[in-house]
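Numbering (UniProt numbering), first residue to last: 1 to 214. Glycine included, every Cβ here is placed at the ideal spot set by N, Cα and C. Read through the structure below, which is laid out as structure tokens, and then see the notes.
Structural data, given as structure tokens:
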């Protein structure tokens, strides 16, 4: 009857609504995962050097203007750090934390651009290295190597270790050129100085040992 058919249709709809939302489409190859959302960052990463070369030959004035704007922004965000004699008379092991510094958690979660810019500026001003773990909640290799990242943050307390979910700060991930997860990037004075992608603990250790400020 029509009533039976209608009841059956409603039941099927309810069952479908109760199913879990499918996970984000990703391609995992060994120690890295590449989400479909990385297509845009990849295209952007490839486009930038092409655009720079084009402007170099056809519009050098615009290219120079953009470079000056970036330099001015960095200068305003991270002023030079000139420690006084009282601040630099001893090492961290001898005197503990420097005067006026706050005790932060070993690894902090960056969720906004304001937090990112403030952290980047602070570490640059203090002459310390900022190690960034770009990851995703759906990325199994990211979760597998996270304990090792946490352990390194405790081993090198003078530097800053942060975690960034690319789904929350996708524009930042694109700017840094993140196209696979996990990706670890070391920043000094506001600039990237080293990186690697994957969940290999020895490579992560090598990155931190090479670029730490100790």
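1. Please report the distance separating the alpha-carbon of residue 148 from that of residue 66.
2. With C-beta atoms as the reference, is residue 180 less than 8 angstroms away from residue 197?
3. Can you tell me where the beta strand (DSSP E) with residue 197 in it begins and where it stops?
4. Hey, is the region 124-142 in contact with the region 154-171, meaning 3+ C-beta pairs nearer than 8 angstroms?
5. Are the Cβ atoms of residue 193 and residue 156 separated by less than 8 angstroms?
6. Measure from the alpha carbon of residue 113 to the alpha carbon of each residue in 124, 171 and 57, then state which is nearest.
7. Kindly indicate the opening and closing residues of the beta strand (DSSP E) around residue 108.
8. From residue 50 to residue 178, what distance separates their C-alpha atoms?
9. What is the DSSP secondary structure of residue 171, counted as helix, strand or coil?
10. The alpha helix (DSSP H) spanning residue 152 covers which residue range?
11. Would residue 123 and residue 160 qualify as a contact pair, given that the criterion is a beta-carbon distance under 8 angstroms?
From the atom records:
1. Residue numbering aside, residue 148 sits at position 148 when the chain shown is read from its first letter. Residue numbering aside, residue 66 sits at position 66 when the chain shown is read from its first letter. Linking residue 148 to residue 66 through their CA atoms gives a straight-line distance of about 39 angstroms.
2. For the purposes of this step, residue 180 is taken as residue 180 along the chain shown, with counting starting at 1. For the purposes of this step, residue 197 is taken as residue 197 along the chain shown, with counting starting at 1. Cβ atoms of residue 180 and residue 197: closer than 8 angstroms.
3. Residue mapping note: residue 197 aligns to position 197 of the chain shown, counting from 1. Counting along the chain, the beta strand (DSSP E) containing residue 197 begins and ends at 191-197.
4. Contact annotation: the region 124-142 touches the region 154-171, with at least three C-beta pairs closer than 8 angstroms.
5. Counted from its first residue, the chain shown places residue 193 at position 193. Counted from its first residue, the chain shown places residue 156 at position 156. Not a contact, by the Cβ cut-off of 8 angstroms.
6. For the purposes of this step, residue 113 is taken as residue 113 along the chain shown, with counting starting at 1. Per the Cα distances, 171.
7. Here residue 108 is taken as the residue at index 108 of the chain shown, counted from 1. Note, residue 108: beta strand (DSSP E), 107-110.
8. The residue you call residue 50 lines up with position 50 of the chain shown. The residue you call residue 178 lines up with position 178 of the chain shown. Looking at the two C-alpha atoms, the distance is approximately 18 angstroms.
9. Within the chain shown, residue 171 is the residue found at index 171, counting from 1. Per DSSP, reduced to three states, the secondary structure at residue 171 is helical.
10. Residue 152 sits at position 152 when you count from the first residue of the chain shown. Following the DSSP letters along the chain, one finds residue 152 inside the alpha helix (DSSP H) bounded by residues 140-155.
11. Residue mapping note: residue 123 aligns to position 123 of the chain shown, counting from 1. Residue mapping note: residue 160 aligns to position 160 of the chain shown, counting from 1. Here residue 123 is near residue 160, since their CB atoms are less than 8 angstroms apart.
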